[in-house]
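Novice: Note that our numbering has the sequence shown beginning at 23, numbered continuously upward. Glycine included, each C-beta is placed from N, C-alpha and C at the ideal position. Sharing a structure below in structure tokens format, with a few things to ask.
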Amino acid sequence: MTDIPQRPDLPPTRLAERLAVFVAWLATRVEREETRRACREVAESYLLFAERDHGAPESRRSRFLQAYQGDTPGTVHAGLNLLAEHEALVQKTLPIDG
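Quick look at the structure:
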């Protein structure tokens, strides 16, 4: 099984920037601090996993779910779903090349 860090000391700059924006957005979506923290931890673990994962992107989420040793499955799915929703919104706000 893959060893996934739960709370790295210093995340890479790119990851830290992505998480900062996600955490700010998450505060508008989830009222409970405990739930926001759990979702952020899942998102951070997933993004770290994605940086090291060399498999097909389409099945990355299922590989992460198999390897993740953390919160309850419902919390993990909620965190991943919120991260996916946030990243879809970010993609829609990026400038159009042309």
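1. Tell me which same chain residues have a C-beta within less than 6 angstroms of the C-beta of R62, skipping the five on either side of it?
2. To the nearest angstrom, report how far apart L111 and L104 are at their CA atoms.
3. Would you kindly check if the distance between the Cβ of R36 and the Cβ of A22 is under 8 angstroms?
4. Restricting to runs no shorter than 4 residues, where is the alpha helix (DSSP H) found entirely within the segment 27-107?
5. Using CA atoms only, rank isn't needed, just tell me which of R40, V64 and D75 is closest to T97.
Specialist: A quick look at the data gives this:
1. Around R62, the same chain offers V45 as residues with beta carbons nearer than 6 angstroms, after the five sequence neighbours per side are excluded.
2. One C-alpha to the other measures close to 11 angstroms.
3. Residue 22 cannot be examined here, being either before or after the span of the chain that is shown, 23 to 120.
4. Listed in chain order, the complete alpha helix (DSSP H) runs (minimum 4 residues) inside the segment 27-107 are 35-51, 55-74 and 82-89.
5. Out of R40, V64 and D75, V64 has the C-alpha closest to the C-alpha of T97.
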